[in-house]
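Peer 1:
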Amino acid sequence: MELVEQMEASTLLFLQTDLRPDLIFDIGASCGISTHILSAQYPRAKNIAYEPRPKAFARLQRRLQKLPGSHVAHLAAVGTRSGVIALKDQGVGTGLADQEEGSFTSTLVTLNEAVISDRTKKVLLKIDVEGGEKDLLPWVVSRLPEQSVILLETHQALDEVESYARSSLSAGFRWTLLRYREMPEYGGPFADWILTGPMVQFRF
């Protein structure tokens with residue numbers, strides 16, 4: 044799992060914007076490699092990480108203990124409502140489950156609206172929620188300040204992504220496709236995107 048996580052997190056090394064975030068939300072942080080990279084890039088930002096898998100969360104906590112700066116980790120999944128959700132550990136991520144064998148339940152939380160919509164803050168979100176981005180993304184972009192960046196992994200065909208991207212486009216966010224790969228052995232397709240808010244310049 045560590046090697047796959049490193050491959051996924053490598054996209055972050057190509058992040059080139061003029062945003063210097065005050066807050067970083069790592070949604071679907073796994074064992075914390077992305078959190079580590081973002082912390083190194085933006086050491087003054089407060090980093091808030093979410094991961095629902097207990098084993099990955101334990102590794103995330105151990106990694107955060109070694110990092111300087113301000114970090115908070117939550118053993119939870121992020122969605123558009125609060126509650127409980129059934130998930131299945133797929134080794135390199137999670138998928139929705141229906142109380143099937145090998146599934147587990149996780150606390151489901153929403154992001155603090157007052158925090159993410161604070162216009163005095165600059166916000167960076169990394170969203171890797173194994174298919175849940177289709178619902179989460181429109182909820183998030185309607186609340187973010189103009190000085191925001193979203194690093195997004197999607198799991199749908201590109202034409203389907205375009206259909207639910209419209210809300211972010213109407214909010215002034217610009218989309219750039221960083222990487223696309225089929226990866227059927229992991230339930231692909233997978234696409235990595237950067238979404239930059241109206242007040243952010245992106246250089247790639």
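Numbering (our numbering), first residue to last: 44 to 247.
Even glycine gets a Cβ: it sits at the ideal position worked out from N, Cα and C.
Everything numeric in this text was worked out from a predicted model, so none of it was measured.
Among the residues of its own chain, which have a CB less than 6 Å from the CB of D171, if the five just before and after it don't count?
Peer 2: On the sequence shown, residue 171 is found 128 positions in, with the first residue counted as 1. If we look at D171 and ignore the five residues flanking it on each side, its Cβ neighbours are G71, E196.
Peer 1: Which same chain residues, not among the five before or five after E156, have their C-beta less than 7 Å away from its C-beta?
Peer 2: Position 113 of the sequence shown, counting from 1, holds the residue named residue 156. Cβ neighbours of E156 beyond the five flanking positions: R186.
Peer 1: Give a yes or no on whether the C-beta atoms belonging to D235 and R217 are separated by under 8 Å.
Peer 2: As a position in the sequence shown, residue 235 is number 192, starting the count at 1. As a position in the sequence shown, residue 217 is number 174, starting the count at 1. Not in contact: D235 and R217 (Cβ atoms no closer than 8 Å).
Peer 1: Measure from the alpha carbon of T148 to the alpha carbon of each residue in R124, A214, M242, L118, then state which is nearest.
Peer 2: Numbered from its first residue, the sequence shown carries residue 148 at position 105. Selected option, being the one with the closest Cα: L118.
Peer 1: Taking only runs that begin and end inside the segment 173 to 207, name each unbroken alpha helix (DSSP H) of 4 or more residues, in chain order.
Peer 2: 176 to 184, 201 to 207
Peer 1: Just tell me which of P97, R106, D61 has its CA closest to the CA of S82.
Peer 2: In the sequence shown, the residue the question calls residue 82 occupies position 39. Among P97, R106, D61, the Cα nearest to that of S82 belongs to R106.
Peer 1: In whole angstroms, what is the alpha-carbon distance linking K98 and V121?
Peer 2: Position 55 of the sequence shown holds residue 98. Position 78 of the sequence shown holds residue 121. If you take the alpha carbons of K98 and V121, they lie about 17 Å apart.
Peer 1: What did DSSP end up calling K89 once you bin it into helix, strand or coil?
Peer 2: Within the sequence shown, residue 89 is the residue found at index 46, counting from 1. Strand at K89.
Peer 1: With the cut-off set at 8 Å, would you say V192 and L66 are in Cβ contact?
Peer 2: Working through the sequence shown from its first residue, we reach residue 192 at position 149. Working through the sequence shown from its first residue, we reach residue 66 at position 23. No, Cβ-Cβ distance for V192 and L66 is not below 8 Å.
Peer 1: Measuring CA to CA, which of K109, V183, L168, A88 is closest to R124?
Peer 2: Counting from 1 along the sequence shown, the entry for residue 124 is found at position 81. The option with the nearest alpha carbon to R124 is V183.
Peer 1: Which partner residues of H117 appear in the DSSP bridge assignment?
Peer 2: Translated into positions along the sequence shown, residue 117 becomes position 74. For H117, the pairing in a beta bridge is given by DSSP as Y93.
Peer 1: Which residue's Cα is closest to the Cα of V152: A92, D132, G126?
Peer 2: Locating residue 152 in the sequence shown gives position 109, where the first residue counts as 1. Selected option, being the one with the closest Cα: G126.
Peer 1: Do P188 and G215 count as a contact pair if the criterion is CB distance below 8 Å?
Peer 2: Here residue 215 refers to the residue found at position 172 when the sequence shown is read from its first residue. Here residue 188 refers to the residue found at position 145 when the sequence shown is read from its first residue. Not closer than 8 Å, so no.
Peer 1: Could you tell me if A88 is buried or exposed, where buried requires 16 or more neighbouring beta carbons within 10 angstroms of its beta carbon?
Peer 2: Numbered from its first residue, the sequence shown carries residue 88 at position 45. Per the 10 Å Cβ criterion, buried.
Peer 1: Distance, Cα to Cα, G230 vs C74?
Peer 2: If you number the sequence shown from 1, residue 230 lands on position 187. If you number the sequence shown from 1, residue 74 lands on position 31. Answer to the nearest angstrom: the Cα atoms are 20 Å apart.
Peer 1: Does the Cβ-Cβ distance between Y85 and R63 come in under 8 Å?
Peer 2: One-based indexing of the sequence shown puts residue 85 at position 42. One-based indexing of the sequence shown puts residue 63 at position 20. Judged by beta-carbon spacing, R63 lies within the 8 Å limit of Y85, meaning their Cβ atoms are closer than that value.
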